Amino acid sequence: MFVTGASGWIGSHAVGELLSADHEVVGLARTDAAAAALQARGAAVLRGDLDDLDALRRGASGADAVVHLANKHDWANPAESNRAERTAVDTLTDALAGTDRPFLFASGLAALPSGRPLTETDASPFSGPDAPRGGAENLALDKGVRAIAARFAPTVHGTGDHGFVAQLVATARRTGVAGYLGDGLTAWSAVHVDDAARLIRIGLERAPAGTRLHAVAEEAVPSREIAEAIGRSLNLPVRPVEAEHFGFLGQFFGTDMIASSEITRTTFDWKPTGPTLTEDIEAGAYAHA
Ligand SMILES: NC(=O)c1ccc[n+]([C@@H]2O[C@H](COP(=O)([O-])OP(=O)(O)OC[C@H]3O[C@@H](n4cnc5c(N)ncnc54)[C@H](OP(=O)(O)O)[C@@H]3O)[C@@H](O)[C@H]2O)c1
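The sequence shown: position 97 = 97 (the UniProt record's numbering), numbered continuously.
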């Protein structure tokens, strides 16, 4: 299997899960450090960058499945991240055209309209070059290959996570306040990284074309509960703050990103077993942040 983003947070756990299920893994690595880490795990390495389209083609053409998790995550220039994402998705799916080999790619809940928990039957309303995440979900699902969208909860948590929750913890540590916005009732769904990695493997092994997998263990964790867990773990006061307190993350922390995973669980017999988000925070999973 060819895995982009294999050195990342979700990718490194997915590689471990795939290797332990006896899949062969070739990971895309753009640095010596990423290559060495992959080799140490028992994966093979294809050197290349997301913009190296020949490397993406070679990786996908030689593999029985593709897992696409790399993303530039350039928060200062999201248009460039989205452009690169669209181009990578286009290139990887072109390489799989005419085959039944699965293309499982990272998607998410950010920017999807909410107000109720999203379900797997809710299509993304976005497409085209200006869409959030490059409209990559619909782009991939419309390419006529066995495309599988892995919609990860906005926090894929666990020890060593450097995503949104790590940034909330770091902000609390720096400012001396575990903050939340407004009444703290906006909520995020959450999943433990090991459960997400297992769902990636299950999706690759069993999901048909057009599947939207919801990697969601907890449907809605209110932002105030997240702040309270951070406050308890750092022994800091918990109170409402302004969005600027969180920098760029303020726009996300004040937004509902909630989803059900009922269809994913029943269709694929996926049962999340990891700790909850607040259990992880209180157990010190973010001590590094
Ligand atoms: N973590 C979450 O809570 C979460 C939630 C929803 C969706 N997602 C999505 O899931 C995917 C994986 O997330 P993650 O948390 O595992 O991200 P991550 O830890 O930041 O890892 C990103 C991966 O992409 C690679 N990468 C970045 N820029 C690259 C480039 N120009 N060329 C080649 N590789 C490049 C990184 O390689 P290096 O090791 O060389 O930097 C790394 O392997 C992403 O698409 C993300 O948006 C994540």
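In this text, a Cβ means the ideal position worked out from N, Cα and C, and glycines have one as well. Every value quoted in this text rests on a predicted model; they were computed, and no experiment measured them.
Less than 8 Å separating the Cβ of residue i from some heavy atom of ligand 1?
i, result
"residue 276", "no"
"residue 102", "no"
"residue 132", "no"
"residue 156", "yes"
"residue 319", "This structure does not reach residue 319, given that the chain is present from 1 up to 289, and the question cannot be answered."
"residue 252", "no"
"residue 49", "yes"
"residue 75", "no"
"residue 29", "yes"
"residue 203", "no"
"residue 10", "yes"
"residue 284", "no"
"residue 59", "no"
"residue 192", "no"
"residue 72", "yes"
"residue 69", "yes"
"residue 280", "no"
"residue 109", "yes"
"residue 248", "no"
"residue 4", "yes"
"residue 20", "no"
"residue 162", "yes"
Which same chain residues, not among the five before or five after residue i, have their C-beta less than 7 Å away from its C-beta?
i, result
"residue 95", "57, 60 and 61"
"residue 75", "248"
"residue 225", "278"
"residue 80", "72 and 74"
"residue 232", "282"
"residue 21", "201"
"residue 227", "178, 179, 180, 184 and 238"
"residue 23", "1"
Residues in its own chain within less than 6 Å of residue i by CB, not counting five upstream and five downstream?
i, result
"residue 105", "68 and 140"
"residue 159", "285"
"residue 138", "124 and 127"
"residue 66", "2, 60, 92 and 103"
"residue 241", "179"
"residue 89", "136, 139 and 140"
"residue 50", "70, 84 and 88"
Give the secondary structure of residue i by DSSP, where H, G and I count as helix, E and B as strand, and everything else as coil.
i, result
"residue 240", "strand"
"residue 157", "strand"
"residue 62", "coil"
"residue 231", "helix"
"residue 126", "coil"
"residue 84", "helix"
"residue 26", "strand"
"residue 270", "coil"
"residue 78", "helix"
"residue 214", "strand"
"residue 5", "coil"
"residue 209", "coil"
"residue 132", "helix"
"residue 101", "coil"
"residue 116", "coil"
"residue 181", "strand"
"residue 148", "strand"
"residue 288", "coil"
"residue 261", "coil"
"residue 108", "strand"
Report all residues from its chain with a CB closer than 8 Å to the CB of residue i; omit the five preceding and five following residues, and keep chain order.
i, result
"residue 97", "143, 144 and 145"
"residue 222", "184, 185, 186 and 187"
"residue 244", "250"
"residue 182", "240 and 254"
"residue 15", "3, 6, 25, 27, 38, 41 and 43"
"residue 197", "10, 13, 14, 16 and 17"
"residue 237", "176, 177, 178 and 231"
"residue 8", "69 and 70"
"residue 268", "199, 202, 203, 206, 207 and 213"
"residue 107", "124, 133, 136, 137, 149, 150, 151, 152 and 212"
"residue 218", "153, 189, 190, 191, 276 and 277"
Using 8 Å for Cβ pairs, my map puts residue i next to residue j. What's the rounded Cβ distance?
i, j, result
"residue 25", "residue 44", "7 Å"
"residue 192", "residue 157", "6 Å"
Is residue i close to chain B, meaning its C-beta is less than 9 Å from at least one C-beta of that chain?
i, result
"residue 138", "No chain B is present in this structure, which holds just one protein chain."
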